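Taken in order, these protein sequences are the chains called A and B.
Quick note: the first sequence uses UniProt numbering, first residue 1, plus one each step.
Quick note: the second sequence uses UniProt numbering, first residue 1, plus one each step.
Number of protein chains: 2
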Amino acid sequence: MEFEQADALNQAIRLLSLRHRARAAALLAPLGLHPGQEALLLELARTGPMIQAQLSEALGCEPPSVTLMTRKLEAGGHIRRTPAPSDKRASIVELTDSGKALAEQVKQLWCALAEETVEGLPAETVAELPGILNTLTGNVDTRRPATQAALARSSAVRSPSKAS
Amino acid sequence: MEFEQADALNQAIRLLSLRHRARAAALLAPLGLHPGQEALLLELARTGPMIQAQLSEALGCEPPSVTLMTRKLEAGGHIRRTPAPSDKRASIVELTDSGKALAEQVKQLWCALAEETVEGLPAETVAELPGILNTLTGNVDTRRPATQAALARSSAVRSPSKAS
DNA sequence: ACAGATTGGTTACGCGCATAACTATTATGC
DNA sequence: GCATAATAGTTATGCGCGTAACCAATCTGT
Numbered sequence: 001m002e003f004e005q006a007d008a009l010n011q012a013i014r015l016l017s018l019r020h021r022a023r024a025a026a027l028l029a030p031l032g033l034h035p036g037q038e039a040l041l042l043e044l045a046r047t048g049p050m051i052q053a054q055l056s057e058a059l060g061c062e063p064p065s066v067t068l069m070t071r072k073l074e075a076g077g078h079i080r081r082t083p084a085p086s087d088k089r090a091s092i093v094e095l096t097d098s099g100k101a102l103a104e105q106v107k108q109l110w111c112a113l114a115e116e117t118v119e120g121l122p123a124e125t126v127a128e129l130p131g132i133l134n135t136l137t138g139n140v141d142t143r144r145p146a147t148q149a150a151l152a153r154s155s156a157v158r159s160p161s162k163a164s
Numbered sequence: 001m002e003f004e005q006a007d008a009l010n011q012a013i014r015l016l017s018l019r020h021r022a023r024a025a026a027l028l029a030p031l032g033l034h035p036g037q038e039a040l041l042l043e044l045a046r047t048g049p050m051i052q053a054q055l056s057e058a059l060g061c062e063p064p065s066v067t068l069m070t071r072k073l074e075a076g077g078h079i080r081r082t083p084a085p086s087d088k089r090a091s092i093v094e095l096t097d098s099g100k101a102l103a104e105q106v107k108q109l110w111c112a113l114a115e116e117t118v119e120g121l122p123a124e125t126v127a128e129l130p131g132i133l134n135t136l137t138g139n140v141d142t143r144r145p146a147t148q149a150a151l152a153r154s155s156a157v158r159s160p161s162k163a164s
């Protein structure tokens, strides 16, 4: 691949990252949330209570990030952390009632953000996008295969199987 | 759009951001660079010396980010900041010789990253990607139209015109 | 010529990311 | 049962992002 093509792609990914995140930030701010926190709330809403290690795995990020985010969301009353009954190292994270309500609000603005993001693109392209993006992600993912769990769940369509 | 579709898309973008950036970080680390800095070096290599305001515009990020990055890259000897002759507020940023050599190294690994990223995708899809991604970016970009300069340069193909 | 607006750059701070290091707990193999 | 390895979570630190605020220089309109 020529450098110009490579740069076009890498820059396109970088700029999308920046702008999508900034737009998400603007939408989340009235709810008192920062980008990244919404993913945690939505995960709990979708899957139910889980320990922090499971959260970091599901979100595709490292444990300290989850520690910090859960701490703040707990301080805000949106989640609750309780010791796991069978493992003294672990704590169960679950949504409080206010967390559940917040997650519903996040869902609303999430739909708005996605619609805004794909405006003007053909429906066929839109339908293929998550799969394509997840393929790209899988290609550069040097973490354990368990991260594929986050990918599988973020895909509305089946990701193409990749021999790995 | 249903929430599941919206979530699939937004999560796909989020995960690609995370993983692509992490992979870039791993490739840039041996050169002593952090993700984001490479964009600055490549911009200077491509366009030549410019003031910091132009850099922040070209990179699509805010001035303090450029201030911090230029400070560090200058400390590392890769760039030089000199007062602009016609404007006492401004400083011209340019690559040093070591910065030029570094930019060449970045170009190598940038090609490798892009190839890795698109592995397994059909060539037609790969060719369309920057354009599609830039459309998405343009859709969620709430900044001034001048940011479109960064988009135009990151596109190997013409972005579809968007009435705005 | 001058006041107000705009621009360039910086500093302070907050954020989610990461890595490294650490402690405590649990699991595993002998 | 015990030593070692693995796991859960935390703390400290660094990073590029952002916003807010600030100061100085320049531009613009009267």
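No residue lacks a Cβ here, since even glycine has one placed at the ideal position from N, Cα and C.
For clarity, every value in this text was computed on a predicted model and none was experimentally measured.
Using three-state DSSP, classify A:Ser86 as helix, strand or coil.
-> coil
Helix, strand or coil at A:Ala146 according to DSSP, with G and I counted as helix = Caution is warranted here: a pLDDT of 42 is assigned to A:Ala146, below 50, making its placement in the model unreliable, and the coordinate value is therefore given only provisionally. Correct three-state label for A:Ala146: helix.
Buried or exposed (CB count within 10 angstroms, at least 16 for buried), B:Thr67 = exposed
Note down, one range per segment and in chain order, each beta strand (DSSP E) of at least 3 residues found wholly within the region 16-91 of chain A.
-> 79-83
Is the distance from the Cβ of B:Cys111 to the Cβ of A:Ala6 below 7 Å?
-> yes
Cα separation between B:Ser86 and B:Val106?
-> 32 Å
Please name the residue, chosen from B:Ala90, B:Ala84, B:Gly76, that lies closest to B:Thr96 on a Cα-to-Cα basis.
-> B:Gly76
Would you mind stating whether B:Pro130 and A:Ala8 have Cβ atoms separated by less than 7 Å?
-> yes
What did DSSP end up calling residue 174 of chain A once you bin it into helix, strand or coil?
-> The first residue shown for chain A is 1 and the last is 164, placing residue 174 of chain A beyond what the model contains.
Spatial neighbours of A:Leu55 within its chain, please: CB distance less than 7 Å, with the 5 preceding and 5 following residues excluded, ordered by chain position.
-> Leu40, Glu43, Val66, Val93
Check distances from the C-beta atoms of the region 101-124 of chain A to those of chain B and list, in chain order, the residues that come in under 9 Å.
-> Lys107, Gln108, Trp110, Cys111, Ala112, Leu113, Ala114, Glu115, Glu116, Thr117, Val118, Glu119, Gly120, Leu121
Give the C-beta separation of B:Pro35 and B:Arg21 to the nearest angstrom, bearing in mind that I take them to be a contact with Cβ-Cβ under 8 Å.
-> 5 Å
Pick helix, strand or coil for B:Glu2, following the three-state DSSP scheme.
-> coil
Using a C-beta cutoff of 7 Å, does B:Thr70 count as contacting chain A?
-> no
Within 10 angstroms of the Cβ of B:Glu62, are there 16 or more other Cβ atoms? Answer buried if so, exposed if not.
-> exposed
Nearest to A:Glu74 by CA position, among A:Lys100, A:Arg14, A:Arg46, A:Ala12, is which residue?
-> A:Lys100
With a cut-off of 8 Å on the beta carbons, I'd call B:Asn139 and A:Thr125 a contact; round off their distance for me.
-> That pair is no contact at about 13 Å.
Cβ-based neighbour list, B:Pro49, same chain, cut-off 7 Å, excluding 5 preceding and 5 following = Ile92, Val93, Glu94
B:Asp97: contacting residues in chain A (beta-carbon distance under 9 Å) | The contacting residues do not exist; B:Asp97 stays about 20 Å from chain A at best.
Is there a Cβ from chain A that is less than 7 Å from the Cβ of B:Ala58?
-> no
Any residues in the region 7-23 of chain A with a beta carbon nearer than 9 Å to a beta carbon of chain B? Which ones, in chain order?
-> Asp7, Ala8, Leu9, Asn10, Gln11, Ala12, Ile13, Arg14, Leu15, Leu16, Ser17, Leu18, Arg19, His20, Arg21, Ala22, Arg23
Who pairs with A:Val93 in a beta bridge, going by DSSP?
-> A:Met50, A:Arg81
Output yes if chain A places a C-beta closer than 7 Å to the C-beta of B:Thr137; else output no.
-> yes
If you check the beta carbons only, do B:Met1 and A:Ala114 fall under 7 Å apart?
-> yes
Coarse secondary structure for B:Asp141, derived from DSSP in three states | coil
Cross-chain neighbours of B:Pro130 in chain A, by beta carbon under 7 Å | Ala8, Leu9, Ala12
Using 10 angstroms around the beta-carbon of A:Thr137, count the other beta-carbons present and answer buried if the total reaches 16, otherwise exposed.
-> buried
Within 7 Å (strictly less), CB to CB, does B:Thr47 reach chain A?
-> no
Between A:Val66 and chain B, is there a C-beta pair that is closer than 7 Å?
-> no
Does the beta-carbon distance from B:Asp141 to A:Arg14 come in below 7 Å?
-> no
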